[in-house]
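Asker: Before we start, here is the structure in question, set down as structure tokens.
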Amino acid sequence: MVGRPGGGERLTPTAGLYPDRHPESDMQTEQSSDPRQHTQHMRRRLQEDIDHLRQDVERVDEPQLKAMFETSAEVLEGLSKAFEDYERKNEAAWRASR
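Using the numbering used here, the first residue of the sequence shown is number 5, and each one after it goes up by one.
If you want it as structure tokens, here you go:
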């Protein structure tokens with residue numbers, strides 16, 4: 005964990021936490037200038053976190069923690085949808101002004 009200004013702590017990435025992630029494809033995405041490639045990559049990573057949170061809902065007994073995991077998954081789903089809307093230019097904010 006790393007301290008942050010204003011208090012709180014930020015978790016540092018942990019090797020092996022997401023065994024399905026492929027560093028090679030992460031590097032290819034980072035080097036790309038294609039916005040769709042970046043948004044699709046982020047949506048995949050968000051989905052991994054959503055799946056992990058939903059699995060953890062089944063693993064814990066504390067009702068408040070279950071609620072926090074489920075709420076977190078829902079928030080990430082909303083963020084993933086925002087990335088999808090950007091890709092498809094579904095929202096007026098994502099369309100180029102003329």
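Virtual Cβ for every residue (Gly too), placed ideally from N, Cα, C.
None of the values given here were measured: they were computed from a predicted structure.
1. Span of the alpha helix (DSSP H) holding D89?
2. DSSP three-state call for R48: helix, strand or coil?
3. On the criterion of 16 or more Cβ atoms from any shown chain inside 10 Å, does E43 qualify as buried, or is it exposed?
4. To the nearest angstrom, report how far apart E78 and Q35 are at their CA atoms.
5. With the cut-off set at 7 Å, would you say D53 and F73 are in Cβ contact?
6. Between the Cα of L80 and those of R58, Q41, D38, spot the shortest distance and give me the residue it belongs to.
7. Within 10 Å of its beta-carbon, does E88 have 16 or more other beta-carbons around it, so buried, or fewer, so exposed?
8. Alpha carbon to alpha carbon, how far is S84 from D38?
Answerer: Reading from the atomic positions:
1. From DSSP, the alpha helix (DSSP H) with D89 extends over 67–92.
2. In the structure shown, R48 sits in a helix (DSSP, three-state: H, G or I).
3. Note that residue 43 is Thr in the sequence shown, not Glu. A residue is called buried once 16 or more other Cβ atoms fall within 10 Å of its Cβ, and T43 is buried on that count.
4. So the alpha carbons of these two residues sit roughly 30 Å apart.
5. Going by C-beta atoms, D53 is not nearer than 7 Å to F73.
6. The option with the nearest alpha carbon to L80 is R58.
7. That one is exposed.
8. Per the coordinates, the alpha-carbon of S84 lies some 18 Å from the alpha-carbon of D38.
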